Amino acid sequence: MQISLDDPVTLEILWERCISIVDEAAHTLVRAAFSTVARESNDFGCALCDSDGTGIGYTTRGTPRMGIILPRTIRAILERIPPQTLQPGDVLFTNDPWFGSGHLPDFYITMPIFRAGRLVGFAGACSHVADVGGSTVPDARQVYEEGICFPPVKLFRAGEPDAMLFAILEKNVRVSEQVIGDLNALIASCRTSASELVRLMDETGIDDWRPLSRALNARTEAVFRRAIEKIPDGTYSSTVEADGFKSPVTLQCTIKVSGSEIEIDCAGTSPQVSPGGINVVYNFTHSAFIYALKCILDPHTPYNEGITRPVNVFAPPGCILNAQFPAPVFARNQTAHYIPTLTMDAMSKAIPERVMAACGSPTNRTVFAGAHGHDGRPFSFMMISSGGMGACDGKDGYSCTPYPSNSGSPPVEVIESVVPLTIKRKALRADSGGAGEFRGGLGIELVVENSTGEVITASSRMDRVTHPPRGLSGGGDADTAGIWLDGVKAFPPKGRGELGPGQFLKIHSPGGGGFGPPQQRSPAKLKKDLVEGLVTEQAARKIYGAESQ
Amino acid sequence: MSTNTNTGDIVLGVDIGGTFTDFALLKQASGELYIGKQLTTPDDPGRAFLEGVGELCKRAGVAYADLARISHATTLVTNAIIERKGCVTGLIMTEGFRDVLVMGRESRYDHYDYRFERPDPIVPRSLTREVSERMAWNGEVLQTIDLDSARRALTELAAAGVASVAVCLLHAYRNAAHEQVIRDLAAREFPQIDCTISSEVAPELREYERASTTVLNAYVRPGVKNYLSQLDAVLAARGYRKHVHVMLSNGGISSVDIAQQIPIQLIESGPAAGALAAARYAELLGIEHALAFDMGGTTAKLCCIENGQPFHANIFETARAMRFRRGSGLPVLIPVIELIEIGAGGGSIAHIDTLGLLKVGPHSAGAAPGPAAYGRGGTKPTVTDADLVLGFVDPAGFLGGDMTLDAAAAKNAIDESVGVPLAKTTVEAAWGIFAVVNEAMVAAGKRYAAERALDIRTFTLITFGGAAPIHAWQVAKILGIRRIVYPLGAGATSAVGLCIAPPVINLSRSYVGPLDVLDWSRVGAMYAEMEARANAMLEAAGARIDEITIERSVDIRYSGQGYEIEVPVSGIDFTGGDRAAALQQVTARFETAYARQFGRALSIAATEAITWRVRAAGKKPPFNLSPQLPGKIDATARKASRRVYFGPQHGHVDCAVYSRYGLTPGESGAGPALIEERETTVVIAPDAKWSVDAYSNLVVDL
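So the protein lines, in turn, are chains A and B. Residue 367 in this note's numbering sits at position 381 of the first sequence, with consecutive numbering throughout. Residue 513 in this note's numbering sits at position 393 of the second sequence, with consecutive numbering throughout.
This is the structure in structure tokens:
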């Protein structure tokens, strides 16, 4: 094959081949993984990089943000362990939150790829593993309490595993067999990438991927710059308050758009907190902003790292969006899931027609645990109650749909078959979506009864109890989240409590914010909302200003 | 009415597709196969049906009364769902769970686009009612059904003008009593309403998927009942002595009664018939691992076949908001032959994307305006235009010469949209389109192989459809496949499949629990009950009881996982008292199946069973092709030669052109060559060898 990097046909075919290789690596990972997190929630990533550590291809499976993080992590590891010290058969590993994606359960493997004795690229893979030791509730004061941490290390040297590292890992996690299985799955995945990449090089005669990655990154960068250029120049800022762990935290960003570049400054954001693992490391903050911008500006074009180049993200060290070691970070999504909202709120001042009002996120999670399940064994189950999505110009938000997370609840029948809980009700809550010309999605009411004859515990991780998802461009706020014992009694939103036999928890997920003034909602849509029971008569009159019927 | 045919029978298949209605008539004694094609008549599909059957019978010299069976595949159900032309349908759910359809799976199929589209639920919230009742996960009655609430629900739905109602109560797969109460109440007091209950359509765990399936069935049932009764009457009037038979999505044919009870099973009848035909060809030719490759106007399809059995799945997705995006449609819990659909066919349009890269599809020029070369107003370059410019297709010989292609129009379209923007010659641009569309097939094939842990290089490609024989040589080469088979009569594969499909019934029932605490006698009783029912259904359709083969399987997963895998459990004794043996054997089978799919079994002890399945099949009708398609023989095989562009490696090559109809078994040759049929051209690569087998199939070794 003649390789010409000006040739869009060759580029298209080679890019597709590289993505196909990392998809195959992703299948290897999923097939070999022990942890169900990778398999069920697609909480993993696989990438190929050139010999400089610049990304070429990222799997179409897996979590979107990992495609941005993986090459950054690989380069950060290579700063610690320089490429010239690497030899064939080496395998590098870290789960340091400040190198990877912000909490210890995310394991990263990097493998140098050699061909004819020459370093030609890197295979990278990461996955959320089953356990890392430490506390299982997010109330740590420091990251030390959250489990074991490996800085970048050589896990294999020239094909030989470092027995000591494996032994240390094994002694420090609860289900070591699963965790080491997951680690081996990551390694197997990188081996697949490596051997397939070498095969592709043999087939095509390519001996250096850097020109290709440069060409592809230049193209994605150019497209993203064009998208940025369409935003009016200016400085747009936003402040969003979240429930926080013990007390509310403020997230702030100022987005400066000039020409084809964006600068984001998070000055004004609350300092990192302790206790409470809701702190976010910079890597994760960076990728969350990029993700949000990608969603807003250009959701459909395939991309790689090139899109990060026109965007500069600054967060003052020590703030909750750039938490410094040894901050606890286990439940960083509780804060990080506000970043898309923060971004969209700021951008609404420039391009209101492109953004989405706040979603009913972060997603509520309640872990129920007891001594005796259906089969007499102890049980533990994480119940998810998805909120509504925010509305955007021209479109109502979807009800009971998570964003930016993408893991909803399993079916009611599955939950009841697996654990001794009875779900009495799972229903949309009328009027919980923010009112607007375009209505926010509805949150739900979930009623979960303890059907065992004994006391069980419930641990809640819930936000948006005091801070409703906000509307945009005149749209109304959504209803807040809430959790009550037996329907009325207070239950800690971020804490633990007990349920006696027959007692139940009533859980509300928040709705999504509305978009545009409610009075401008088309009568046909409002009428449909009434017929479908999504908006009550009373709200129609009071908030939407409908004539009484 | 008999699905069981004798060796001397004459059988006929009719497949009504979106554009064409295809016909096949097989004389089983002689192996003579007659093929026909009509344009579909969407206003009255029966018209093309009758014209085509009449024409084919005449050609074959048989009367309606001579036909042992007419088997039918139709897009009726799919169209009714996609075009929202079913009847006004209501839904009854357990109290507290009215919103199951709206909530769906609580996920986004597009990670980035928050404006993604979802299909609206078939039944709106306003036509959904709740009844007071509750079953527990183990089938225990937690709350007895309140008959008044059921009556009230039906009364309100009747008043709202509902013609059909779906009932889906929680855990009804485990205890159907409450659903049956509502069904009986509806029959007694609301005879004008057609009532579908979930426990009869898909007695499986997962309320959203089950409700979706039940609702879709209710939505199309009155229409399908009507259509099939009318068709039966019309055929009877013309002298046909049997009931019409229908192809189900599982690749089996069934009696008209089953089709009228659970019409949602017809949803993929056409594609299933095609895949089944491929499977029978694979069997006929002794191919152990086959990959069926079908490329039509807008899509391409791949289907894996092992030992004559196409891969199957137990769930399907319809009415996708984005056709090729998993998760963007409505789920249907029915057994289907598993097809990988790729948004790339002959009509797919080539364009430069925002990154400046060349892309092909998923937009298609379809039949109207069609490729630029059709001269019907299409100005955008398609795969067919590229194939023409490269010389693979003869502009004068398209559809046997019935249609002339406009090579100049094809060149212009390619130059304008691809050649000029990319500074390429017409031929280079056309080759780019050809190569990129082939990459899409390759990528889909590789991903599928990786998911299923298959070594695709050991497969034989069986090629069907208008465009596949033009592209197969390069797709196979990149995938590392060594052999391609081009069956004779590939122009109407689905119709052929209808003639040679066995009767098949799939039944399932969820019974959830850890393997080590399951009540095995209950499992045994469940299998006995399902098998008795399947046997009765097949027998009623004319199958001979001693020829029925039954396969048992069960979906199992490691506890804590969200998805299960199907494990074959035939031959394990669930009736005796030896619980330990049953447990040990089922576990071993699960571990083997798991290791095959995921590389190795996990050392996790806890496993749980979800859904128990039975597949009962009657005997396969005989399939012995005579060497030639009757009445289609050319005197000379070798026609002319043509200059063809085989890519930068080979450049322009003078290529021998043969008529497929002039080749006889045993002939062989070397590439490059073009072998032309009425509907397509088989392209043989420069370094390949071809031969004609005993059944007149073309076999190419790469």
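All C-beta atoms, glycine included, are put in the ideal place defined by N, C-alpha and C. Treat the numbers as computed from the prediction; the structure is a model and nothing was measured.
{"Check": "E458 (chain B): contacting residues in chain A (beta-carbon distance under 8 Å)", "Outcome": "Residues of chain A passing the Cβ test: none, with the nearest at roughly 17 Å."}
{"Check": "Uninterrupted beta strand (DSSP E) stretches inside the stretch 378 to 452 of chain A (no shorter than 3 residues)", "Outcome": "407 to 414, 430 to 436 and 442 to 447"}
{"Check": "Contacts around H358 (chain A), its chain only, beta-carbon distance under 8 Å, and the 5 residues preceding and following it disregarded", "Outcome": "P364, F365, P406, T438 and E440"}
{"Check": "Reduced DSSP category for F413 (chain B) - H, G, I as helix; E, B as strand; rest coil", "Outcome": "strand"}
{"Check": "At least 3 beta-carbon pairs within less than 8 Å: the stretch 249 to 257 of chain B vs the stretch 179 to 186 of chain B", "Outcome": "no"}
{"Check": "Neighbourhood of R127 (chain A) by C-beta, 8 Å cutoff - its chain only, sequence neighbours within 5 removed", "Outcome": "S260, P261 and P314"}
{"Check": "Opposing strand residues paired with Y117 (chain B) [DSSP bridges]", "Outcome": "A query on residue 117 (chain B) cannot be resolved here, the shown segment of chain B reaching from 121 to 822 and no further."}
{"Check": "Residues that F217 (chain B) contacts on chain A, provided the C-beta gap is smaller than 8 Å", "Outcome": "V398, R411, K412 and A413"}
{"Check": "Cutoff 8 Å: K752 (chain B) Cβ touching any chain A Cβ", "Outcome": "Residue placement at K752 (chain B) is flagged as unreliable, the pLDDT there being 47, under the threshold of 50; the coordinate-derived value follows with that caveat. Chain A, which has no Cβ nearer than 8 Å to the Cβ of K752 (chain B), makes this no."}
{"Check": "Residue environment, F311 (chain A), which counts as buried when at least 16 other CB atoms sit within 10 Å", "Outcome": "exposed"}
{"Check": "For I(-1) (chain A), the three-state DSSP class (helix, strand or coil)", "Outcome": "helix"}
{"Check": "Reduced DSSP secondary structure (H/G/I, E/B, other) of M442 (chain B)", "Outcome": "coil"}
{"Check": "Other residues of its chain near M330 (chain A): CB distance less than 6 Å, five sequence neighbours each side excluded", "Outcome": "V341 and M342"}
{"Check": "Cβ neighbours of T206 (chain A) in the same chain (closer than 6 Å, five flanking residues each side left out)", "Outcome": "Y289, N290, G292 and I293"}
{"Check": "Nonlocal neighbours in the same chain, by C-beta distance under 6 Å from P91 (chain A), ignoring five residues either side", "Outcome": "H114, V115 and V118"}
{"Check": "DSSP-derived helix/strand/coil call for P768 (chain B)", "Outcome": "coil"}
{"Check": "Endpoints, beta strand (DSSP E) assigned at P98 (chain A)", "Outcome": "D92 to R101"}
{"Check": "Chain-ordered residues of the stretch 169 to 199 of chain B with a beta carbon less than 7 Å from chain A", "Outcome": "none"}
{"Check": "T206 (chain A) - containing alpha helix (DSSP H), residue span", "Outcome": "R196 to E215"}
{"Check": "Cβ of H13 (chain A) within 8 Å of any chain B Cβ", "Outcome": "yes"}
{"Check": "Beta carbon proximity, L(-3) (chain A) to chain B, threshold 8 Å", "Outcome": "yes"}
{"Check": "Near-chain A residues of the stretch 467 to 500 of chain B - C-beta to any C-beta below 8 Å", "Outcome": "I472, D473, T474, L475, G476, L477, L478 and K479"}
{"Check": "Runs of beta strand (DSSP E) wholly within the stretch 258 to 321 of chain A (minimum 3 residues, chain order)", "Outcome": "297 to 300"}
{"Check": "Length at least 3, wholly inside the stretch 207 to 245 of chain B: the beta strand (DSSP E) runs in chain order", "Outcome": "209 to 214"}
{"Check": "For N81 (chain A), three-class secondary structure by DSSP", "Outcome": "coil"}
{"Check": "Nearest-angstrom Cα separation, counted from A309 (chain A) out to S256 (chain A)", "Outcome": "10 Å"}
{"Check": "Sufficient close CB pairs (3 or more, under 8 Å) joining the stretch 590 to 610 of chain B to the stretch 38 to 53 of chain A", "Outcome": "no"}
{"Check": "Residue closest to R824 (chain B), alpha-carbon to alpha-carbon, out of B:D639, B:I425 and B:A654", "Outcome": "In the structure as shown, chain B starts at 121 and stops at 822, and residue 824 (chain B) therefore has no counterpart that could be examined."}
{"Check": "Spatially closest choice to D(-7) (chain A) from B:R780, B:P541, B:P589 and B:L262, by CA coordinates", "Outcome": "B:P541"}
{"Check": "Nearest to S446 (chain A) (by Cα), restricted to the options A:I166, A:T96 and A:V353", "Outcome": "A:V353"}
{"Check": "Proximity winner among B:R446, B:E276 and B:L510, relative to S284 (chain B) (alpha-carbon distances)", "Outcome": "B:E276"}
{"Check": "Close-in-space but distant-in-sequence residues of the same chain around G751 (chain B) (CB under 6 Å, 5 per side omitted)", "Outcome": "Any reading at G751 (chain B) must be qualified, since the residue scores a pLDDT of 46, below 50, and its modelled position is unreliable; the value itself is stated next. Excluding residues within five positions, none has a Cβ falling inside 6 Å."}
{"Check": "Proximity to N744 (chain B) [Cα-Cα], best of B:R758, B:S816 and B:I460", "Outcome": "B:S816"}
{"Check": "Alpha-carbon to alpha-carbon, L237 (chain A) and P455 (chain A)", "Outcome": "14 Å"}
{"Check": "Validate contact between the stretch 655 to 669 of chain B and the stretch 599 to 616 of chain B using beta carbons, cut 8 Å, 3 pairs", "Outcome": "no"}
{"Check": "Rounded Cβ spacing between N427 (chain B) and E458 (chain B) (contact assumed at less than 8 Å)", "Outcome": "Not really, about 15 Å apart at Cβ, beyond 8 Å."}
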